[in-house]
Amino acid sequence: MTMWQPHARDQGYLPIADHGLVGDGRGCALVGRDGAVSFLCVPRFDAPPLFASLLDRNNGGSFVLTPEGVRQSRQRYLEDTGVLVTEMRTATGIVEVTDAFLLKPGARLEEDTPAGLGELLRRARVTHGTVTLRIGVHPRGGARGQRDNHGWHLICPRQGLALHLHTSLPLTAPDNTTLTLHQGEELSLGLRWSARRAAPHRFSDALDDTIRAWQRWSAQVVDDVPRADLVRRSAITLKLLDHIENGAIVAAATSSLPERIGGTRNWDYRYAWIRDAAYAVFALRRIGLPMEAGGFLHWALTAAQGHPSPRVLYDVDGLPPPPETVDEELEGYRGSAPVRWGNAAAEQIQHDVYGEILDCALQWAATGGQFNRELWNRLAELAEQARTAWRHPDQGIWEVRTTGRPFTYSAAMCQVALDRAARLARRLNLPGDADIWAREARDLTERILRDAWDERAGALTEHLGATGGLDASLLALPLRRVVPADHPRMVATAQAITDRLGAGDGLLYRYLPKDFSDGLDQPEGAFLLCSFWLVDNLAGQGRTDEATELFEQLCTHANPLGLLPEQIDPGDGSFLGNFPQGLSHVGLLSSAVVLARTQRGIRPELSTQAWFQ
Numbered sequence: 078m079t080m081w082q083p084h085a086r087d088q089g090y091l092p093i094a095d096h097g098l099v100g101d102g103r104g105c106a107l108v109g110r111d112g113a114v115s116f117l118c119v120p121r122f123d124a125p126p127l128f129a130s131l132l133d134r135n136n137g138g139s140f141v142l143t144p145e146g147v148r149q150s151r152q153r154y155l156e157d158t159g160v161l162v163t164e165m166r167t168a169t170g171i172v173e174v175t176d177a178f179l180l181k182p183g184a185r186l187e188e189d190t191p192a193g194l195g196e197l198l199r200r201a202r203v204t205h206g207t208v209t210l211r212i213g214v215h216p217r218g219g220a221r222g223q224r225d226n227h228g229w230h231l232i233c234p235r236q237g238l239a240l241h242l243h244t245s246l247p248l249t250a251p252d253n254t255t256l257t258l259h260q261g262e263e264l265s266l267g268l269r270w271s272a273r274r275a276a277p278h279r280f281s282d283a284l285d286d287t288i289r290a291w292q293r294w295s296a297q298v299v300d301d302v303p304r305a306d307l308v309r310r311s312a313i314t315l316k317l318l319d320h321i322e323n324g325a326i327v328a329a330a331t332s333s334l335p336e337r338i339g340g341t342r343n344w345d346y347r348y349a350w351i352r353d354a355a356y357a358v359f360a361l362r363r364i365g366l367p368m369e370a371g372g373f374l375h376w377a378l379t380a381a382q383g384h385p386s387p388r389v390l391y392d393v394d395g396l397p398p399p400p401e402t403v404d405e406e407l408e409g410y411r412g413s414a415p416v417r418w419g420n421a422a423a424e425q426i427q428h429d430v431y432g433e434i435l436d437c438a439l440q441w442a443a444t445g446g447q448f449n450r451e452l453w454n455r456l457a458e459l460a461e462q463a464r465t466a467w468r469h470p471d472q473g474i475w476e477v478r479t480t481g482r483p484f485t486y487s488a489a490m491c492q493v494a495l496d497r498a499a500r501l502a503r504r505l506n507l508p509g510d511a512d513i514w515a516r517e518a519r520d521l522t523e524r525i526l527r528d529a530w531d532e533r534a535g536a537l538t539e540h541l542g543a544t545g546g547l548d549a550s551l552l553a554l555p556l557r558r559v560v561p562a563d564h565p566r567m568v569a570t571a572q573a574i575t576d577r578l579g580a581g582d583g584l585l586y587r588y589l590p591k592d593f594s595d596g597l598d599q600p601e602g603a604f605l606l607c608s609f610w611l612v613d614n615l616a617g618q619g620r621t622d623e624a625t626e627l628f629e630q631l632c633t634h635a636n637p638l639g640l641l642p643e644q645i646d647p648g649d650g651s652f653l654g655n656f657p658q659g660l661s662h663v664g665l666l667s668s669a670v671v672l673a674r675t676q677r678g679i680r681p682e683l684s685t686q687a688w689f690q
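What follows is the structure, given as structure tokens:
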């Protein structure tokens with residue numbers, strides 16, 4: 078049980094860490110420790126937000142269910158579920174608010190069929206004393222309300238949604254009502270956006286069905302790993318970000334949470350990155366979730382096959398996201414403007430995408446996936462493009478908003494594309510220049526070790542050729558089997574990154590803006606995924622005790638619910654960036670599996686190479 082804590086607001090906003098995530102595989106919501114739904118996008122992850130007070134406390138809109146005079150609160154998930162409980166204490170009593178996106182009776186989350194009812198349940202139950210509740214449904218842009226026998230119909234013009242608010246007790250108005258409840262009494266509110274017509278159900282039965290579905294699914298997750306509790310919570314979090322119908326996993330639940338308070342590093346992460354697919358799939362398969370891994374692989378390959386040039390990211394349908402726009406009406410979290418919808422990175426050139434797609438293809442084959450002629454021809458074409466793409470500038474893994482340069486990581490992922498294509502062609506007797514691909518992959522590795530090496534820095538650096546800055550993305554090279562973790566130049570690079578990009582407390586910066594031009598020239602927080610990559614490098618070097626110690630330190634940065642952000646402010650430990658961040662949880666899963674193998678005396682499997690030896 079987490080500890081009771083008073084609310085600590087800054088400029089009227091709760092800390093990002095004081096939120097939990099609920100969802101149903103189509104949409105999701107953040108619920109604050111104050112009892113407010115502060116961000117909700119339905120019927121899909123990238124829809125215009127119905128509630129967005131997280132990005133503007135006055136104009137964003139929220140769904141409030143909170144006691145008057147709240148003094149302290151705490152949050153927890155019901156064990157092995159995506160059902161969130163927020164307890165709030167006043168001078169006169171305690172109320173327990175349970176939030177869940179309801180799932181269908183008998184729903185099986187491991188299947189690629191819609192599981193949700195299209196409804197958010199909010200149940201308030203007084204567990205001690207007497208509590209006066211404030212209830213308010215305030216969609217962004219307002220709503221027109223009309224009472225019916227079971228609650229209220231709400232029309233939300235801005236989002237184009239017709240809602241129904243079903244209530245177990247009558248409300249005089251949906252936007253401003255107070256009710257006094259005594260110990261043992263409860264109020265249930267069901268906010269439905271589904272277009273289906275259905276009679277109101279018993280909330281208790283619907284909640285029980287939802288809990289059973291989550292616990293049945295969670296039972297698949299392995300538990301013979303370090304910090305099995307956080308591994309299971311990370312798996313559930315990724316499932317909450319998983320578009321259940323086609324396997325796409327969005328990068329995060331939110332848009333525009335800042336990477337620096339008051340800065341402009343505010344991006345929309347409610348889309349699926351091809352880059353994330355290879356990392357996520359590798360981790361999900363190893364913790365007992367082959368269906369989710371296969372779903373994401375199929376989505377990634379389908380998305381890549383459907384376009385002449387592979388994109389970095391897509392919406393959940395595998396289509397280009399909308400153009401990036403600035404929302405002038407919202408002030409941003411703690412005044413951190415601009416708020417953005419859409420993501421211009423979709424139009425960037427990033428050569429790493431060749432390796433990400435071919436790595437996905439190798440993992441697809443490793444799980445029994447088949448390639449028809451059209452798909453294999455497309456993959457072989459991408460391998461051919463990778464042969465020369467690495468020579469040309471691009472925007473790189475960090476999606477810099479400057480003119481491009483020949484990033485080392487991008488060249489490394491072109492090596493991955495060639496290596497994986499060669500392995501697939503040889504293993505599956507597929508047409509293609511396997512010998513040429515394999516030889517050029519080896520040559521490209523040697524070029525990286527030679528041309529990215531800076532003798533003065535004693536490390537591989539951000540780009541080939543001229544001296545560049547340190548780049549923590551190079552810690553991923555052993556994970557992709559481009560350079561072994563124990564290669565002398567990789568050991569030196571990992572040490573240089575630790576020494577010069579270290580932010581304290583086991584944290585790392587991606588790079589230093591003064592040494593690495595990204596077009597923004599602003600500081601940011603420490604990037605959690607990079608620290609998990611360092612765990613894997615230490616394990617690959619045989620430094621198991623140090624790797625374990627760092628992993629445990631990183632786990633302390635999770636909030637009381639076990640959720641991780643994109644970045645951490647090294648100054649005060651606060652969360653930065655979009656939340657929860659899928660890749661941070663993928664990093665935790667991957668490192669836990671690597672450490673479990675090392676602790677059992679098994680050489681860490683840091684890539685798919687071992688499958689096709």
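Convert by adding 77 to the 1-based position in the sequence shown; the result is the number in the working numbering. Backbone N, C-alpha and C fix where the C-beta goes; we use that ideal spot for every residue, glycine too. Predicted model, so just to flag it, every value in this text is computed and none were measured.
Counted as a single uninterrupted DSSP element, the alpha helix (DSSP H) harbouring residue 526 occupies residues 511-528.
Comparing C-alpha distances from residue 598 to each of 677, 468, 336 and 159 shows the shortest one belongs to 336.
For residue 490, the secondary structure class from DSSP, reduced to helix, strand or coil, is helix.
Shown here for residue 619: same chain residues with a beta carbon closer than 8 Å to its own, the five before and five after excluded, namely 563 in chain order. The three-state secondary structure of residue 219, taken from DSSP, is coil.
Residues of the same chain with a CB within less than 6 Å of the CB of residue 399, apart from the 5 flanking positions on each side, are 419 in chain order.
Taking a C-beta distance under 8 Å as the contact criterion, residue 252 and residue 214 qualify as a contact pair. Minimum Cα-Cα distance from residue 581 among the listed residues 424, 650 and 553 corresponds to 650.
Relative to the Cα of residue 647, the nearest Cα in the group 605, 557 and 663 belongs to 605. Beta-bridge pairing by DSSP links residue 260 to no other residue. Just measuring C-alpha positions, the residue of 463, 401 and 408 sitting nearest residue 427 is 463.
A straight line joining the alpha-carbon of residue 485 with that of residue 112 spans about 46 Å.
For the pair residue 80 and residue 481, the Cα-to-Cα distance works out to about 48 Å. With 16 or more other Cβ atoms from the protein chains shown falling within 10 Å of its own Cβ, residue 645 counts as buried. C-alpha of residue 440 to C-alpha of residue 370: approximately 9 Å in a straight line. Contact check between the segment 650-669 and the segment 84-98: three or more CB pairs, one atom from each, fall below 8 Å, which counts as touching.
Of the residues 574, 544 and 247, the one whose Cα lies closest to the Cα of residue 551 is 574.
Using a C-beta cut-off of 8 Å, the segment 310-317 makes contact with the segment 658-678, since at least three inter-stretch Cβ pairs fall below that distance.
For residue 286, the uninterrupted alpha helix (DSSP H) run begins and ends at 280-295, by DSSP.
Annotated three-state conformation of residue 166 is strand, per DSSP. A Cβ-Cβ distance of about 38 Å is found for the pair residue 264 and residue 357, leaving them out of contact under the 8 Å criterion. For residue 232, the uninterrupted beta strand (DSSP E) run begins and ends at 228-233, by DSSP. Around the C-beta of residue 243, 16 or more other C-beta atoms lie within 10 Å, and the residue is accordingly described as buried.
Cβ-Cβ distances below 8 Å link residue 347 to 118, 122, 123, 327, 328, 329, 330, 331 and 332 in the same chain, with the five nearest sequence neighbours on each side left out; the list follows chain order. DSSP links residue 83 through a beta bridge to 149. Where residue 665 is concerned, the enclosing alpha helix (DSSP H) starts and stops at 659-676.
Of the candidates 569, 429 and 556, 569 places its Cα closest to the Cα of residue 533.
Taken through DSSP and simplified to helix, strand or coil, residue 88 comes out as coil. Per DSSP, the beta-bridge partners of residue 244 are 266. Contact between the segment 403-422 and the segment 436-455 is absent: fewer than three C-beta pairs spanning the two stretches fall below 8 Å. In this structure residue 88 is exposed. Its beta-carbon is surrounded by fewer than 16 other beta-carbon atoms within 10 angstroms. Between residue 208 and residue 162 the beta-carbon gap is near 15 Å, outside 8 Å, which marks them as no contact.
A residue is called buried once 16 or more other Cβ atoms fall within 10 Å of its Cβ, and residue 444, having fewer, is exposed. A check of alpha carbon separations from residue 530 across 544, 520, 519 and 517 identifies 544 as the nearest. The C-alpha of residue 379 is placed about 13 Å away from the C-alpha of residue 392.
The beta carbons of residue 640 and residue 98 sit about 7 Å from each other, so the pair counts as a contact at 8 Å.
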